[in-house]
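Trainee: Residue numbers (our numbering), protein chains in the order written: chain V, 6 to 302; chain P, 131 to 345; chain E, 31 to 363.
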Amino acid sequence: MASLTLGPLFFHWKPEQRRDFYYRIADEAPVDVVYLGEAVCSRRETFYMDDLPLITERLRAAGKQVVLSTLALITSETEMQDIRDRCAGEVMLEANDVTCISMLEGQPHVTGPFINVFNEATLDFLVGKGAVRVNMPMELSAEAIAILAAHNSVETEAFVFGRQPLSISMRCYHARAYGLHKDGCQFVCELDPDGLAADQLDGNKLLVVNGTQTMSHGYAVLLDELAGMQQAGVTHFRLSPQRTDMVKVAEIYRGVLDGAREPGEATLALSQLVGPVPFVNGFVRGREGMAWVEGAE
Amino acid sequence: MDDADFPIHLARGMMRLMPPPLVERGGAMLLRKIGRNHPDLFRNLAELDAKSIRVEPSDLPHKFLLSFGGGAPPKLMLARRAGPAGTVLKGPLEQLLALLEGKIDADTLFFTRAIAITGDTSAVVALHNTLDRASINLLDEAMSLLGPFGSAGRAAALRLERRMHGLRERFGPARPAAERRDDGERDRLLAENAALKTRLAKLDVRQRRKQGASA
Amino acid sequence: MREPTYLELVCPAGTPAALRAAVDAGADTVYCGFRDCTNARNYPGLNFDLKEMREGIDYAHRFGRRVLVAVNTFPRAGDVVFWQRAVDNAADCGADAVIMADIGVLDYATRRHPNMRRHLSVQAAASNPLSIDFYREQFGISRVVLPRVLSVDEVAAVIARMKVEAEVFAFGSLGTMVEGRCYLSSYITGRSPSSDGVCGPAEYVSYREEGDQMVSCLGKVMMNRYDKHENAAYPTPCKCRLVTNGQASYLFEEPVGLNAVSILPQLKAAGVTALKIEGRQRSRAYVGQVVGAFRQVLDALARGEPQPEAANDLYRLAEGGKETLSAFKKGWR
């Protein structure tokens, strides 16, 4: 049966908001796997690291698998040491950079969407190192996802809801947008819990920035594609936390995965829930990522 | 002036005076000559997707339409009708010719806005990259049209060019004084500006936090 | 092979003519790619077919210089064989090394061509000693091209802890995003640096004049609006002007080019082996000028002489006509 997962929270929410969010997910959301941890900026971790054991316990008690996501870009000595410690820990890891792969060799782990698994050869190699679940990179088309999902028996996961991470940098654009530097950033990313809009000069929407990460302005919504991907052999479907009612989002997706809801009706319900944000599904449809192709394939 | 350089003042002067049909015929002849001397270039151009570029030298009364690709040899015509072209390339004749010969980097000209491209830019990129594979010397090509008189023609052309160049230097419009890069002063101002911006931003963030807290 | 003086000068060649220009201007090493999507500069009219590659490598070898072949994009699912053939072809043509980024391609090259030198492309974004170690242990890479996001101190720290040669970018255009993992171009155009080898492909770029201003677009997205004499940038997403909090700015990076000519001694002291000049998409004239200038500077440094005049010419060639030390300098972030 298809599993529904909740990806790592990419945004910098206040610690108490973060804690309440996960408690509610534990109690109410029909998701099977929850990814915790910081994928964007290690500077934020100090704010909520101490809460993670409690959150983990609560999620596990609710029957959810907990996976700890790692940073997408690892450069400092401290970051490397943290990775070493976590690789030796008991919680399963999601590796978002090859830095972790050699330390995780032979140990079951998930490879995250920030590791470039574009083809069967790379997939085979990573499975050989112990990957038990492989996330499809953001850019892949349904055709490519189908080839990879059918290639071997490893679990595959696709990103089906939320702002799509499009790039990562050493430079903090959030700080830059507020006229600050990364080292003295004052954690301004906290001011934009759903990302800071970066619009075109003519006023049209395009991107949002979230610290060192740049994301799509539109939410990826792959409800129409769920059935096709399930048939192709994709086993896990990821919802990425946004500032909306994620429990309801999970319920909508669960309904479509189970065949209890029509994708068209569900898409409408979702757009009423999240408000005026546009939806995108271009990547999976083999088009430019920002495109929205209506209806089933 | 270097002897190997193209006599740009002479060429510009002549082309301004020439009636359009003559310019067109001269251009076509030159292109055929280049084709005979550089068969690889013509083969590479034919392999590209079919495109046409309207070339508008800003200092000439003529506009040209250059077509290439799609398996056919390239064609150069006068663009008589002002109809919309897929791509328009504008700039001083000197820069356009240097581009053709591969003496100047297209991106550099573009960054500094010496040339302008409007419309579909892939035509210009494909043309430039293909031309850049060959080494064309326009003066040699033009002079080889004169056959046995080529070397005499070349010497005469360069002599005339030197004279025109001299006249232009003496009577032409004054050139702007070379820009002086006062890096120290600029950097100091930039640093000061950045520091002020940062202070302002910090105040702004504090303000937003306060509003957020009271909301 | 000729021994490099001071630092190995690694130069771009988008065409056979540029390769010859680079060799003639004093490049120690030239890098280039095949005429398809297996390399990260897949632009129309650019790159080498098999015959040109063989001839180009022969030309460089005649003068004692090396040629590196970039097979540095990520194969699409179902198309892996195409990339494997490119690696085989590079080996057949006598390339001195192949530059790769994809784990699957590296794995193939390691097993199939164990004696051919393998370099790790900047597209692999190996930005710390642990990930570089991973690629060395698994694929026996001899050199890594370091991402353009590290400061000089960080470059030194990484090199001190790794066991392969380091190549760093010294001149040219720069992306501010971690390379090989940037989907901005494909978000806007559907064509990606990762698999198609193009960023902001020309067939999606258009310009139009609006009064005194020039507007550039990528696909349907407005990238920029320039005043009459304002310098222009590449119409790529990380060089576009965006509006945040009501203010338009170059949010990611200004239209500037990297020029590290003033810090070459620091880079040498940091343990750098080779300097990379960016610009396979630029003309042979550019290649000749930049390589020539760097050659003079490196020769002067080797002799312990002050920096020659030639170094001053470099700034004119930079993107936007402006230069920067970029991430090499502290405070860039």
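Quick reminder that beta carbons are idealized off the backbone N, C-alpha and C, glycines included.
Keep in mind the model is a prediction, meaning the values are calculated, not measured.
Taking the alpha-carbon of arginine 65 of chain V as reference, which of V/Tyr27, V/Tyr178, V/Asp90, V/Glu230 has the nearest alpha-carbon?
Mentor: As a position in the first sequence, residue 65 of chain V is number 60, starting the count at 1. Among V/Tyr27, V/Tyr178, V/Asp90, V/Glu230, the Cα nearest to that of arginine 65 of chain V is on V/Tyr27.
Trainee: Can you tell me whether methionine 146 of chain E is helix, strand or coil according to DSSP?
Mentor: As a first step, residue 146 of chain E is located in the third sequence; it is residue number 116 there, counting from the start. In this structure, methionine 146 of chain E counts as coil in the three-state DSSP scheme.
Trainee: Work out the CA separation of isoleucine 218 of chain E and valine 251 of chain E for me, nearest whole Å.
Mentor: Position 221 of the third sequence, counted from the first residue, corresponds to residue 251 of chain E. Position 188 of the third sequence, counted from the first residue, corresponds to residue 218 of chain E. Cα to Cα, the separation comes out at about 7 Å.
Trainee: With a threshold of 16 other CB atoms inside 10 Å of the CB of aspartate 199 of chain V, please say whether the residue is buried or exposed.
Mentor: Position 194 of the first sequence, counted from the start, is the residue given in the question as residue 199 of chain V. It is buried - the Cβ of aspartate 199 of chain V has at least 16 other Cβ atoms within 10 Å.
Trainee: Please tell me whether threonine 83 of chain V and phenylalanine 242 of chain V are closer than 8 Å, where the distance is taken between their beta carbons.
Mentor: Locating residue 83 of chain V in the first sequence gives position 78, where the first residue counts as 1. Locating residue 242 of chain V in the first sequence gives position 237, where the first residue counts as 1. Not in contact: threonine 83 of chain V and phenylalanine 242 of chain V (Cβ atoms no closer than 8 Å).
Trainee: Quick check on DSSP: helix, strand or coil for glutamine 296 of chain E?
Mentor: To locate residue 296 of chain E, count along the third sequence from 1; it is residue 266. Three-state DSSP puts glutamine 296 of chain E in a helix.
Trainee: Under 8 Å by Cβ, that's how I've got proline 177 of chain E and glutamate 209 of chain E pegged, so tell me the actual separation to the nearest angstrom.
Mentor: In the third sequence, the residue the question calls residue 177 of chain E occupies position 147. In the third sequence, the residue the question calls residue 209 of chain E occupies position 179. With 8 Å as the limit, proline 177 of chain E and glutamate 209 of chain E qualify as a contact, their Cβ atoms being about 6 Å apart.
Trainee: Taking 8 Å as the threshold (C-beta atoms), are arginine 168 of chain V and glutamine 86 of chain V in contact?
Mentor: Residue numbering aside, residue 86 of chain V sits at position 81 when the first sequence is read from its first letter. Residue numbering aside, residue 168 of chain V sits at position 163 when the first sequence is read from its first letter. Contact flag unset, no.
Trainee: Identify the contact partners of glycine 44 of chain E in chain P, using a Cβ-Cβ distance below 8 Å as the criterion.
Mentor: By 1-based counting over the third sequence, the position of residue 44 of chain E is 14. Those within 8 Å of glycine 44 of chain E in chain P are Asn259, Asp262.
Trainee: Identify, in the order they occur along the chain, each residue of the same chain with its Cβ nearer than 8 Å to the Cβ of leucine 140 of chain P, setting aside the five sequence neighbours on each side.
Mentor: As a first step, residue 140 of chain P must be located in the second sequence, where it is residue number 10. Hits under 8 Å: Ala287, Leu290, Glu291, Met294.
Trainee: Can you list, in chain order, the residues of its chain whose CB lies under 8 Å from that of lysine 253 of chain V, leaving out five sequence neighbours each side?
Mentor: Here residue 253 of chain V is taken as the residue at index 248 of the first sequence, counted from 1. Leu278.
Trainee: With distance defined between alpha-carbon atoms, name the residue in V/Ser146, V/Arg48, V/Val213, V/Arg89 nearest to proline 160 of chain E.
Mentor: Numbered from 1 along the third sequence, position 130 holds the residue referred to as residue 160 of chain E. According to the sequence shown, residue 160 of chain E is leucine rather than proline. Here the closest residue by C-alpha is V/Arg89.
Trainee: Taking the CB atoms as reference points, tell me whether alanine 127 of chain E and serine 151 of chain E lie closer together than 8 Å.
Mentor: Here residue 127 of chain E is taken as the residue at index 97 of the third sequence, counted from 1. Here residue 151 of chain E is taken as the residue at index 121 of the third sequence, counted from 1. No, the pair does not count as a contact, with Cβ atoms beyond the cut-off.
Trainee: Can you name, in chain order, every residue of its own chain whose Cβ lies under 7 Å from the Cβ of alanine 155 of chain E, other than the five neighbours on each side?
Mentor: On the third sequence, residue 155 of chain E is found 125 positions in, with the first residue counted as 1. A distance below 7 Å between beta-carbons, with the five flanking residues on each side excluded, links alanine 155 of chain E to the following residues of its chain, in chain order: Pro177, Val208, Glu209, Gly210, Arg211.
Trainee: Is there at least one Cβ from chain E nearer than 8 Å to serine 47 of chain V's Cβ?
Mentor: Within the first sequence, numbered from 1, the residue matching residue 47 of chain V stands at position 42. Cβ-Cβ to chain E under 8 Å: no for serine 47 of chain V.
Trainee: Roughly how many angstroms lie between the CA atoms of proline 387 of chain E and alanine 228 of chain P, to the nearest whole one?
Mentor: Summary: the structure shown does not reach residue 387 of chain E, with chain E confined to residues 31 through 363, and so no result is reported for it.
Trainee: Pop quiz: leucine 109 of chain V and valine 72 of chain V are said to be a contact at Cβ under 8 Å. What is the actual Cβ separation, rounded to whole angstroms?
Mentor: Along the first sequence, one-based indexing puts residue 109 of chain V at 104. Along the first sequence, one-based indexing puts residue 72 of chain V at 67. With a Cβ gap of about 12 Å, leucine 109 of chain V and valine 72 of chain V do not count as contacting.
Trainee: Glutamine 191 of chain V touches chain P at which residues, Cβ-Cβ below 8 Å?
Mentor: On the first sequence, position 186 is the one that residue 191 of chain V refers to. Those within 8 Å of glutamine 191 of chain V in chain P are Lys332, Val335.
Trainee: Excluding the 5 residues flanking arginine 221 of chain E on each side, which residues of the same chain have their C-beta closer than 7 Å to its C-beta?
Mentor: Translated into the one-based positions of the third sequence, residue 221 of chain E becomes position 191. So the qualifying residues of the chain are Ser215, Val228, Pro231.
Trainee: Which class does tyrosine 213 of chain E belong to by DSSP, given the choice of helix, strand or coil?
Mentor: Position 183 of the third sequence, counting from 1, holds the residue named residue 213 of chain E. Tyrosine 213 of chain E: coil per DSSP, three-state reduction.
Trainee: Mapping the DSSP letters down to three states, classify proline 187 of chain P as helix, strand or coil.
Mentor: The residue labelled residue 187 of chain P in the question sits at position 57 within the second sequence. Of the three classes helix, strand and coil, the one that applies to proline 187 of chain P here is strand, per DSSP.
Trainee: Comparing the C-beta of tyrosine 178 of chain V with each C-beta of chain P, is any distance below 8 Å?
Mentor: Within the first sequence, numbered from 1, the residue matching residue 178 of chain V stands at position 173. Answer no: the Cβ-Cβ gap between tyrosine 178 of chain V and chain P never drops below 8 Å.
Trainee: Helix, strand or coil for alanine 44 of chain V? Go by DSSP, reduced to three states.
Mentor: Along the first sequence, one-based indexing puts residue 44 of chain V at 39. If DSSP states are grouped into helix, strand and coil, alanine 44 of chain V belongs with coil.
Trainee: Give the range of the alpha helix (DSSP H) segment to which tyrosine 165 of chain E is assigned.
Mentor: Here residue 165 of chain E corresponds to residue number 135 of the third sequence, with the count starting at 1. 159 to 169 is the extent of the alpha helix (DSSP H) around tyrosine 165 of chain E.
Trainee: In the DSSP assignment, find the beta strand (DSSP E) that holds glycine 94 of chain E and state where it starts and stops.
Mentor: Residue mapping note: residue 94 of chain E aligns to position 64 of the third sequence, counting from 1. No beta strand (DSSP E) contains glycine 94 of chain E, which DSSP labels as neither H nor E.
Trainee: Below 7 Å between beta carbons is the criterion; list the residues of the region 201 to 228 of chain E that meet it against any residue of chain V, in chain order.
Mentor: Thr206, Met207, Val208, Gly210, Arg211, Cys212, Tyr213, Leu214, Ser216, Tyr217, Ile218, Thr219, Gly220, Ser222, Ser224, Ser225
Trainee: What is the DSSP secondary structure of isoleucine 150 of chain V, counted as helix, strand or coil?
Mentor: Residue mapping note: residue 150 of chain V aligns to position 145 of the first sequence, counting from 1. Reduced to three states, the DSSP call for isoleucine 150 of chain V is helix.
Trainee: By the criterion of Cβ-Cβ separation under 7 Å, what are the contact partners of arginine 292 of chain V in chain E?
Mentor: Reading the first sequence from its first residue, position 287 is the one you call residue 292 of chain V. Per Cβ cutoff of 7 Å: Gly220.
Trainee: From serine 146 of chain V to phenylalanine 288 of chain V, what does the alpha carbon distance come to, in whole angstroms?
Mentor: Within the first sequence, the letter at position 141 stands for residue 146 of chain V. Within the first sequence, the letter at position 283 stands for residue 288 of chain V. Rounded to the nearest angstrom, the two C-alpha atoms are 5 Å apart.
Trainee: Quick one, which of V/Ala126, V/Ala155, V/Ala31, V/Gln205 has its alpha-carbon nearest isoleucine 60 of chain V's?
Mentor: The residue labelled residue 60 of chain V in the question sits at position 55 within the first sequence. For the residues V/Ala126, V/Ala155, V/Ala31, V/Gln205, the minimum Cα distance to isoleucine 60 of chain V belongs to V/Ala31.
Trainee: Alpha carbon to alpha carbon, what distance is there between proline 42 of chain E and alanine 365 of chain E?
Mentor: As shown, chain E starts at 31 and ends at 363. That puts residue 365 of chain E outside it, with no answer to give.
Trainee: So, is the C-beta of threonine 328 of chain P closer than 8 Å to a C-beta in chain V?
Mentor: Position 198 of the second sequence, counted from the first residue, corresponds to residue 328 of chain P. So yes, threonine 328 of chain P belongs to the interface.
Trainee: Check whether the Cβ atoms of histidine 186 of chain V and valine 214 of chain V sit closer than 8 Å, and answer yes or no.
Mentor: Taking the first residue of the first sequence as 1, we reach residue 186 of chain V at position 181. Taking the first residue of the first sequence as 1, we reach residue 214 of chain V at position 209. No, the pair does not count as a contact, with Cβ atoms beyond the cut-off.
Trainee: Can you give me the start and stop residues for the beta strand (DSSP E) that isoleucine 307 of chain E sits inside?
Mentor: By 1-based counting over the third sequence, the position of residue 307 of chain E is 277. Here the beta strand (DSSP E) through isoleucine 307 of chain E covers 304 to 307.
Trainee: Checking contacts by CB at 8 Å: is valine 97 of chain E closer than that to chain P?
Mentor: Locating residue 97 of chain E in the third sequence gives position 67, where the first residue counts as 1. Not closer than 8 Å to any Cβ of chain P, the Cβ of valine 97 of chain E fails to qualify, so no.
Trainee: Could you name the residues of chain P that glutamate 239 of chain E contacts, counting a contact when the two beta carbons are closer than 9 Å?
Mentor: Taking the third sequence and counting its residues from 1, one reaches residue 239 of chain E at position 209. By Cβ distance, chain P contributes Ala246, Thr248.
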